[in-house]
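Enquirer: 0 is the number of the first residue of the sequence shown in numbering that gives the first Met the number 0; add one for each residue after it.
Glycine residues also receive a C-beta, built at the ideal position from the N, C-alpha and C atoms.
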Amino acid sequence: MAARTMPAGARRAGAAHYEHARRTPRAASRTSGGDPAPPLCYGVASLSRSPPMTDADHRNNRRTVAAYEGYARGYAAAVPATPSPQAAADLRRFAASLAPPARVLEIGSGPGWDADFLETLGAQVRRTDVTAAFVRFQIERGKQAYPLDLLSDEIEGTYDGILLLYVVQHFERDQLDEALRKLARALTAQGVALLSHMLGDGDEWEGDAGDYRVVRWPAAAMDERLRRAGFAVEWESFIDSERRPWRSVLLRKLG
Ligand SMILES: C[S@@+](CC[C@H](N)C(=O)[O-])C[C@H]1O[C@@H](n2cnc3c(N)ncnc32)[C@H](O)[C@@H]1O
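1. Quick one: give me the first and last residue of the alpha helix (DSSP H) that residue 85 is part of.
2. Closer than 6 Å by C-beta to residue 124: which residues in its own chain qualify, once you throw out the five before and the five after it? Chain order, please.
3. Taking just the CA atoms, how far does residue 252 sit from residue 227?
4. Taking only three categories from DSSP, how would you classify residue 260?
5. Under the rule that 16 or more other beta-carbon atoms within 10 Å means buried, what is residue 239, buried or exposed?
6. If I follow the unbroken alpha helix (DSSP H) through residue 129, where does it start and stop?
7. Identify the continuous beta strand (DSSP E) that holds residue 173 and give its terminal residues.
8. Is the closest heavy atom of ligand 1 to the C-beta of residue 93 under 7 Å?
9. Classify residue 165 as helix, strand or coil using the three-state DSSP reduction.
10. Could you work out which residue in 214, 198, 204, 164 is closest to residue 110 when comparing CA atoms only?
11. To the nearest angstrom, report how far apart residue 204 and residue 170 are at their CA atoms.
12. What is the DSSP secondary structure of residue 160, counted as helix, strand or coil?
13. Report buried or exposed for residue 100, applying the criterion of at least 16 other Cβ atoms within 10 angstroms of its Cβ.
14. Among 247, 72, 218, 82, which one has its Cα closest to the Cα of residue 161?
15. Where DSSP assigns a beta bridge to residue 250, which residues make up the other side?
16. Kindly give me the distance between the Cβ atoms of residue 192 and residue 136, rounded to whole angstroms, as I take these residues to be in contact under 8 Å.
17. Whole angstroms are fine: how far does the CA of residue 208 sit from the CA of residue 91?
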């Protein structure tokens, strides 16, 4: 199920026809202190207690991952290896919140471009992804990378920081709480995580073949889930990519 087009999470594609893609969508990003954030609807339905996860929920993520297996190299080629100024600023703030020598777990590392940048800031990054093609891609370029499915696997060990960038849009609403609890368990006391999510309501399938599952979250609903999992949101930033609003949050584990 190889996708021929950029998946929803590929926010750094260089497609010239996109409004914000003059250099990279990341370069056209904005912070909460800049332009106003996009209008949001704050749904209350998504704040309710989640029903049990179903096989269908797992199938949706597996279908998305199968699409990445066929598109990983295309993704790596399309996404600039150097973060935009906004993305670099977020990663610097994340790194600054870690006491050196910091051990960071990256989940859904993709090509590993963010891990490369974070390592220039002094962090030791364990790169992981559920998509074998991304793990292979990083190994071929001389990095150590490991398989990890955040939905099915337990995280071994604890880390000072966790990176989860442009990943949770591929999880069903019912899958988010347990994924967030896993992050909390894998962090040391007062550990921090940098997580991004697509803003908005609703969900859909994207890509030419409709193989990429995309679940959007209003900020308030996401923050409620984060709070329940034991996190405080310390700061947020906003990025528009391919006309898609994304929000990144720096989370501190409470307690
Ligand atoms: C849009 S890409 C983002 C990649 C990279 N973080 C970046 O910012 O370029 C989404 C990533 O989520 C990963 N992913 C999807 N489902 C996952 C799961 N269950 N566990 C871990 N990673 C997952 C995909 O393999 C892919 O690398």
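Expert: Taking the structure as given:
1. Residues 84-95.
2. Take residue 124, set aside five residues on each side of it, and the residues of its chain with a beta-carbon closer than 6 Å to its own are 103, 105, 114, 117, 118, in chain order.
3. Taking the Cα positions, residue 227 is about 11 Å away from residue 252.
4. Because the chain in this structure spans residues 0 to 254, residue 260 falls outside the shown range and cannot be described.
5. Buried, by the Cβ-count rule.
6. Careful: residue 129 lies outside any alpha helix (DSSP H) and carries neither H nor E.
7. Taken as a continuous stretch (DSSP letters only), residue 173 belongs to no beta strand (DSSP E), being part of the alpha helix (DSSP H) at 172-184.
8. Remark: the shortest separation between the CB of residue 93 and any heavy atom of ligand 1 does not fall under 7 Å.
9. Note: residue 165 maps to coil in three-state DSSP.
10. Selected option, being the one with the closest Cα: 164.
11. When only Cα atoms are considered, residue 204 and residue 170 end up about 12 Å apart.
12. It is a strand residue.
13. Answer is exposed; the Cβ neighbour count stays below 16.
14. The candidate whose alpha carbon is nearest that of residue 161 is 247.
15. The partner list for residue 250 (beta bridge, DSSP) reads 192, 232.
16. Residue 192 to residue 136, Cβ: 24 Å. No contact.
17. The alpha-carbon atoms of residue 91 and residue 208 are separated by roughly 37 Å.
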